[in-house]
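Following: one structure in structure tokens, then a few remarks.
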Amino acid sequence: FLCSYTSLRCLFNAIVSIMTDDDYFTHWKNKTQKLLNYVRDTNKKKSSDGYRYFYSCHRSYSSGLDLIKVKSKGSGTNKIGGACPSRLIVTIRNERVFTIFYPDVGHTCEVGGLLLDEEDRNKLAGKLAQ
Numbered sequence: 001f002l003c004s005y006t007s008l009r010c011l012f013n014a015i016v017s018i019m020t021d022d023d024y025f026t027h028w029k030n031k032t033q034k035l036l037n038y039v040r041d042t043n044k045k046k047s048s049d050g051y052r053y054f055y056s057c058h059r060s061y062s063s064g065l066d067l068i069k070v071k072s073k074g075s076g077t078n079k080i081g082g083a084c085p086s087r088l089i090v091t092i093r094n095e096r097v098f099t100i101f102y103p104d105v106g107h108t109c110e111v112g113g114l115l116l117d118e119e120d121r122n123k124l125a126g127k128l129a130q
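Counting with the UniProt record's numbering, you get residues 1 to 130 for the letters of the sequence shown.
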């Protein structure tokens, strides 16, 4: 089953929100990234209505280790070898932040694939040790 990346995203409902405070957006994005991680695809793009940023799921595509000979980490790669339809599109216009969020689907949230900060890593290690 092959289809374009754009038509695949259309199958899923987007979550659209308008945030009037840049600090609130940063807080929301950091909280969201505790569960899901995104990487910015490109630098900001100028659009007719402001600036737009595109973020993709950090597990999309492949690691590129096949192309260059480097020693991979022991647990392997987090990449799924394809494009995850999950995206975060952020538009900044007139000091307001507009977001369109396409939820994460198609791969599970495995503990080994999570990017945890030191505090969360220590909490998880403590729970596993019990």
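Glycine residues also receive a C-beta, built at the ideal position from the N, C-alpha and C atoms.
Because the structure is a prediction, the values reported are computed rather than measured.
Within this structure, are the beta carbons of K44 and Y51 separated by less than 7 Å?
As a first step, residue 44 is located in the sequence shown; it is residue number 44 there, counting from the start. As a first step, residue 51 is located in the sequence shown; it is residue number 51 there, counting from the start. Yes; because the gap between Cβ atoms is below 7 Å, this pair is in contact.
Given that a residue counts as buried once 16 or more other Cβ atoms are within 10 Å of its Cβ, and exposed if not, what is P103?
As a first step, residue 103 must be located in the sequence shown, where it is residue number 103. It counts as exposed.
CA-to-CA distance, I89 to T42, given in whole angstroms
In the sequence shown, counting from the first residue as 1, residue 42 sits at position 42. In the sequence shown, counting from the first residue as 1, residue 89 sits at position 89. When rounded, the distance between both Cα atoms is 12 Å.
G101 to E118, Cα distance in whole Å?
Here residue 101 is taken as the residue at index 101 of the sequence shown, counted from 1. Here residue 118 is taken as the residue at index 118 of the sequence shown, counted from 1. Position check: residue 101 holds Phe in this sequence, whereas Gly was assumed. Using only the alpha carbons, I get a separation of about 27 Å.
With a 10 Å radius around its C-beta and 16 neighbouring C-beta atoms as the bar for buried, classify R87 as buried or exposed.
In the sequence shown, counting from the first residue as 1, residue 87 sits at position 87. So R87 counts as buried.
Alpha carbon of F98 to alpha carbon of D23, nearest angstrom
Walking along the sequence shown from the start, residue 98 turns up at place 98. Walking along the sequence shown from the start, residue 23 turns up at place 23. Distance between the alpha carbons of F98 and D23: 13 Å.
Pull up the distance between the alpha-carbon of N122 and that of S47, whole angstroms please.
The residue you call residue 122 lines up with position 122 of the sequence shown. The residue you call residue 47 lines up with position 47 of the sequence shown. Those two C-alpha atoms are separated by around 43 Å.
Where do the N-terminal and C-terminal ends of the alpha helix (DSSP H) with K123 fall, by residue?
Here residue 123 refers to the residue found at position 123 when the sequence shown is read from its first residue. It spans 118 to 129 - the alpha helix (DSSP H) in which K123 sits, taken as one unbroken run.
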